[in-house]
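Residue numbers (UniProt numbering): 1 to 125.
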């Protein structure tokens, strides 16, 4: 419950009934609404006069309650896709080179060798 300042004096109201533009008195150790701006403190007992403002969805406390958005950009998504395509091409070229040697000897070591030799296909940022 908050005290609402009106022309007739102070009236006790619930937090859910506070509207934009209302002048509210907040007592010491009382919960403060997130969209309230304090005008002044003048009492020794710690009471504060505040005004309720509409701040919308850009208020820091409102933004922190929602799920975070992905911070990856379109350019990064494109580079990741191209890197996957180039890695696939690297594997295919390595397998073709080993196939041209008819998979002779230790062919699995030849695949690793060609993967290392052709690794310059994938650029490193």
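Backbone N, C-alpha and C fix where the C-beta goes; we use that ideal spot for every residue, glycine too.
Report the residue from the options whose alpha carbon sits nearest the alpha carbon of residue i.
| i | options | result |
| --- | --- | --- |
| residue 113 | 124, 123 and 96 | 96 |
| residue 120 | 106, 110, 93 and 99 | 93 |
| residue 28 | 109, 104 and 3 | 3 |
| residue 31 | 76, 107 and 1 | 1 |
| residue 10 | 103, 108, 107 and 24 | 24 |
| residue 117 | 104, 106, 13 and 91 | 91 |
| residue 122 | 5, 105, 74 and 83 | 83 |
When you compare only the Cα positions, how much space is there between residue i and residue j?
| i | j | result |
| --- | --- | --- |
| residue 15 | residue 87 | 58 angstroms |
| residue 101 | residue 79 | 33 angstroms |
| residue 22 | residue 12 | 12 angstroms |
| residue 74 | residue 5 | 51 angstroms |
| residue 110 | residue 76 | 33 angstroms |
| residue 19 | residue 72 | 38 angstroms |
| residue 89 | residue 67 | 37 angstroms |
| residue 115 | residue 81 | 19 angstroms |
Does the Cβ of residue i have 16 or more other Cβ atoms within 10 Å, making it buried, or fewer, making it exposed?
| i | result |
| --- | --- |
| residue 124 | exposed |
| residue 98 | buried |
| residue 26 | buried |
| residue 85 | exposed |
Taking DSSP's pairing of strands, which residues face residue i in a bridge?
| i | result |
| --- | --- |
| residue 12 | 3 |
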